[in-house]
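*Asks:*
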Amino acid sequence: MRPHGPAFKAIRQAQGLSLRGLQDATGLDRRYLSRLESAQVDAIEAERADALAGALGVPTDAIAEGDPAVTAETLEAPPIEVGDDELRRYTPEHVAGQDWLPWSPRKIRELAYARKIYAHNDGGRITLTREDIRRTSALGAIEPFQKPTE
2 MRPHGPAFKA IRQAQGLSLR GLQDATGLDR RYLSRLESAQ VDAIEAERAD ALAGALGVPT
62 DAIAEGDPAV TAETLEAPPI EVGDDELRRY TPEHVAGQDW LPWSPRKIRE LAYARKIYAH
122 NDGGRITLTR EDIRRTSALG AIEPFQKPTE
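Using the numbering used here, read the sequence shown as starting at 2 and increasing by one per residue.
Laid out in structure tokens, this is it:
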């Protein structure tokens with residue numbers, strides 16, 4: 002199966018992914034991805050095609066067979082079915098100011114960099130979504146002890 006390089010590149014760019022971002026999402030080598038985009042790869046293995054299709058949000062056939070009908074123009078963004086508030090990113094200052102987590106902004110950053118709480122590293126800037134705050138709050142939950150039944 003020979004992939005269609007230019008369509009692959011257009012799809013990647015339409016998704017807003019760099020080669021490095023695609024490398025991080027798939028675990029494939031960036032040099033291999035570059036050769037794939039320039040149609041220097043004769044065949045692509047099924048596992049790699051699945052990884053690429055998943056990261057790009059397209060059918061596996063579009064990657065594996067180089068379906069020229071699947072281009073950036075034919076892709077539609079998936080509908081977002083959550084409230085706008087769920088997508089908003091909050092700074093550690095805002096989270097601490099609202100008392101959503103029991104730490105100072107500095108401590109939130111330290112814990113996030115150490116990967117001890119759920120957070121996002123947006124270009125070196127720590128942000129949190131409401132889901133991150135919920136999941137982090139659940140990390141310290143204490144379950145009540147239940148007496149074993151006999």
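Using N, Cα and C, we set each Cβ at its ideal position, and we do this for glycine too.
Alpha carbon to alpha carbon, how far is VAL96 from GLY125? Give it in angstroms, no decimals.
*Replies:* Near 18 Å, if we compare the C-alpha coordinates of VAL96 and GLY125.
*Asks:* Who are the Cβ neighbours of ALA78 in its own chain at under 6 Å, not counting the five residues just before and after it?
*Replies:* Bear in mind that a pLDDT of 47 at ALA78, under 50, signals an unreliable position, so the number given afterwards is only what the model happens to contain. Around ALA78: no qualifying Cβ.
*Asks:* Take the Cβ of ASP133 as the centre, count every other Cβ of all protein chains shown within 10 Å, and call the residue buried at 16 or more, exposed below.
*Replies:* Answer is buried; the Cβ neighbour count reaches 16.
*Asks:* Taking 6 Å as the limit between beta carbons, can you name the residues of its chain near GLN99, skipping five residues before and five after?
*Replies:* Result list for GLN99: empty, nothing under 6 Å.
*Asks:* Please list, in chain order, all residues of the same chain as TRP104 whose beta carbon is under 8 Å from its beta carbon, the five residues on each side excluded.
*Replies:* Taken in chain order, the residues that qualify are ALA97, LEU112.
*Asks:* Would you list the one or two residues that DSSP bridges to ARG126?
*Replies:* For ARG126, which the question treats as bridged, DSSP gives the partners ASP123.
*Asks:* With a 10 Å radius around its C-beta and 16 neighbouring C-beta atoms as the bar for buried, classify VAL71 as buried or exposed.
*Replies:* Note that VAL71 has pLDDT 47, beneath the 50 cutoff, so the model's placement of it is unreliable and no number is given.
*Asks:* What are the boundary residues of the alpha helix (DSSP H) that LYS108 is part of?
*Replies:* LYS108 -> alpha helix (DSSP H) spans 106-114.
*Asks:* Tell me whether ILE45 counts as near the ligand FMN, meaning its Cβ is closer than 8 Å to at least one heavy atom of that ligand.
*Replies:* No copy of the ligand FMN appears in this structure; indeed no ligand is present at all.
*Asks:* Between the C-alpha atoms of VAL1 and HIS121, what's the straight-line distance to the nearest angstrom?
*Replies:* Shown here, the chain extends from 2 to 151; a query on residue 1 therefore has no answer.
*Asks:* Keeping to the same chain, check which residues put their C-beta closer than 7 Å to that of THR240; ignore five residues upstream and five downstream.
*Replies:* One cannot answer for residue 240 here, as it falls past the ends of the chain, which runs 2 to 151.
*Asks:* Please list the terminal residues of the continuous alpha helix (DSSP H) segment that includes ARG1.
*Replies:* The structure shown does not extend to residue 1, since the chain is modelled only from 2 through 151, so no value can be given for it.
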